[in-house]
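Trainee:
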Amino acid sequence: MSVVSLMRENIRNLEPYKCARDEAGGGMRVYLDANENYAPLTGWDGINRYPDSASLELRQAFSRVSGFPAHMLVAGNGSDELIDLLIRIFCNPGKDCVLVFPPTYGEYSVLASINDVKVVTCPLNEDFSLNVDAACDAVRRFSPKLVFFCSPNNPSGNLIDRKSILDVAAFNPGITVVDQAYADFAVEGAFTADDIMANERLVVLRTLSKAWALAGARCGFMAAGSEIAQKAYDVKYPYNVSLLTSSVAVRALEDVEGCKRRIAEIKRNRKLLMDRLRKLDGVREVFDSDANFFLVRFDDPVHVYNELKKKGVVVRDRSSQLHCDGCLRITVGSQAECDELVSSLEEIL
Ligand code: PMP
65 MSVVSLMREN IRNLEPYKCA RDEAGGGMRV YLDANENYAP LTGWDGINRY PDSASLELRQ
125 AFSRVSGFPA HMLVAGNGSD ELIDLLIRIF CNPGKDCVLV FPPTYGEYSV LASINDVKVV
185 TCPLNEDFSL NVDAACDAVR RFSPKLVFFC SPNNPSGNLI DRKSILDVAA FNPGITVVDQ
245 AYADFAVEGA FTADDIMANE RLVVLRTLSK AWALAGARCG FMAAGSEIAQ KAYDVKYPYN
305 VSLLTSSVAV RALEDVEGCK RRIAEIKRNR KLLMDRLRKL DGVREVFDSD ANFFLVRFDD
365 PVHVYNELKK KGVVVRDRSS QLHCDGCLRI TVGSQAECDE LVSSLEEIL
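This note's numbering numbers the first residue of the sequence shown as 65 and each following residue consecutively.
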């Protein structure tokens, strides 16, 4: 089945909006086509003009660091926008469903629900690994339009085996999405352009919010084959990535060495923090992680959470999620923040 036939009929037949500038083509000198204001604000060169709707320079910059060719990339207002976009392209409200593997990132379900798209689940194993047979069974039973894998997985922090995901993706006649928001912290498990070339129903999501330290800028990317990428352009808001975001992101993406240094430091802090937490009374288990966070199982997570909060330290309570009884999710902070967390926990426990 071609990927186009998997799209909603109205989306297949969509007559997309054409931006003024795209219609004109390049080489123009006087721009009187887009009802912009001709006067830039002092110190904000170019902000009076609409940004490039295709975010070409930004995609080229991310292409250089990620290895995905720019033509396979679509830039978004965070990867959350791209999750929503995929749901809107493929899932008929009130009819289709998406498959997720709990415990996992909550936005897949929330965005599906907002779009009136049903969510079906196939639990990860208790050690947060993927049960490939159960996943294929769920695909066969529910025929989901989208299957969302998160690797490294949030909140558990572990990589989901690459080969297992590829096996399910090969079996799945629908679209398989691999959210790699935390891939920069893992030493393996990255999905590449070759994986997409081998299976056009595979889509990879990446973000600049984590290793690239740009959560406030809101910038994510989807890597996909040409038909999905083209449709994403047609469906997204025409100017979904602002000039401010693009210019900050392009500049940040030039500093590859700086990013590598930050990742190395986060991993160093992660190891030190885990070692210290493992020694504390009241800590039952510290889970290994391939991300910039990890789960910790406490004897009394509610008490720990509330007492930390009283001290102005906030972590994420994940104890109500499947296989996460007693677990708080802790983001790896700076050395000073880790020190403060440990000394606070020493007082509490
Ligand atoms: N995917 C996962 C797994 C996440 O944890 C997050 C954010 N916490 C996102 C996507 C969204 O990231 P962005 O800031 O790019 O929207």
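Backbone N, C-alpha and C fix where the C-beta goes; we use that ideal spot for every residue, glycine too.
Do you know how far the Cα of D364 is from the Cα of D352?
Mentor: Going from the Cα of D352 to the Cα of D364 covers about 20 Å.
Trainee: In terms of alpha-carbon separation, which member of K324, S306, E410, R334 lies closest to P115?
Mentor: Taking only the C-alpha atoms, the option nearest P115 is S306.
Trainee: Taking 8 Å as the cut-off, does the CB of R93 come closer than this to any heavy atom belonging to the ligand PMP?
Mentor: Checking every heavy atom of the ligand PMP against the Cβ of R93, none is found closer than 8 Å.
Trainee: Closer than 8 Å to a non-hydrogen atom of the ligand PMP - does that hold for the CB of A279?
Mentor: Yes, the beta carbon of A279 sits closer than 8 Å to at least one heavy atom of the ligand PMP.
Trainee: If you drop the 5 nearest sequence neighbours on each side, which residues of the same chain put their C-beta closer than 6 Å to that of N195?
Mentor: Hits under 6 Å: N189.
Trainee: Looking at the structure shown, is K373 part of a helix, part of a strand, or coil, going by DSSP?
Mentor: In this structure, K373 counts as helix in the three-state DSSP scheme.
Trainee: Per the contact definition of three or more C-beta pairs closer than 8 Å, is the stretch 230-238 in contact with the stretch 281-296?
Mentor: At 8 Å Cβ cutoff, the stretches do not touch.
Trainee: Pair every Cβ in the stretch 158-174 with every Cβ in the stretch 209-220, then say whether three or more of these pairs are closer than 8 Å.
Mentor: Yes, the stretch 158-174 touches the stretch 209-220.
Trainee: Quick one: Cα of E291 to Cα of S398, how far?
Mentor: About 42 Å.
Trainee: Please report the residue range of the alpha helix (DSSP H) in which G142 lies.
Mentor: Where G142 is concerned, the enclosing alpha helix (DSSP H) stretches over 142-154.
Trainee: Cβ-heavy atom distance between I147 and the ligand PMP below 8 Å?
Mentor: Yes - the ligand PMP has a heavy atom lying nearer than 8 Å to the Cβ of I147.
Trainee: Pick helix, strand or coil for A287, following the three-state DSSP scheme.
Mentor: If DSSP states are grouped into helix, strand and coil, A287 belongs with the strands.
Trainee: Using DSSP with H/G/I as helix, E/B as strand and the rest coil, what is F255?
Mentor: Looking at F255 - three-state DSSP - the assignment turns out to be coil, as it is neither helix nor strand.
Trainee: Does the beta-carbon of L308 have 16 or more other beta-carbons within 10 angstroms, so that it is buried, or is it exposed?
Mentor: Flag for L308 reads exposed.
Trainee: Between the Cα of D259 and those of L272, R270, K227, spot the shortest distance and give me the residue it belongs to.
Mentor: Of the candidates L272, R270, K227, the one whose C-alpha sits nearest the C-alpha of D259 is K227.
Trainee: Using 8 Å for Cβ pairs, my map puts K331 next to F249. What's the rounded Cβ distance?
Mentor: Sure, about 7 Å apart at Cβ, within 8 Å.
Trainee: The ligand PMP: which residues have Cβ under 6 Å from any of its heavy atoms, chain order?
Mentor: Any residue whose Cβ sits closer than 6 Å to a heavy atom of the ligand PMP makes the list: G142, S143, D144, Y169, C214, N218, D243, A245, T271, S273, A279, G284.
Trainee: Compute the Euclidean distance between the alpha carbons of E321 and A275, then round it to the nearest angstrom.
Mentor: Between E321 and A275, the C-alpha separation is close to 12 Å.
Trainee: Between which two residues does the alpha helix (DSSP H) holding R393 run?
Mentor: Segment 391-395 is the beta strand (DSSP E) holding R393; no alpha helix (DSSP H) there.
Trainee: How would you call S177, buried or exposed, if buried means at least 16 neighbouring beta carbons within 10 angstroms?
Mentor: Per the 10 Å Cβ criterion, exposed.
Trainee: Kindly identify the DSSP beta-bridge partner or partners of L269.
Mentor: According to DSSP, L269 bridges with D243, M286.
Trainee: Do you know offhand how far C388's Cα is from R380's?
Mentor: C-alpha separation (whole angstroms): 12 Å.
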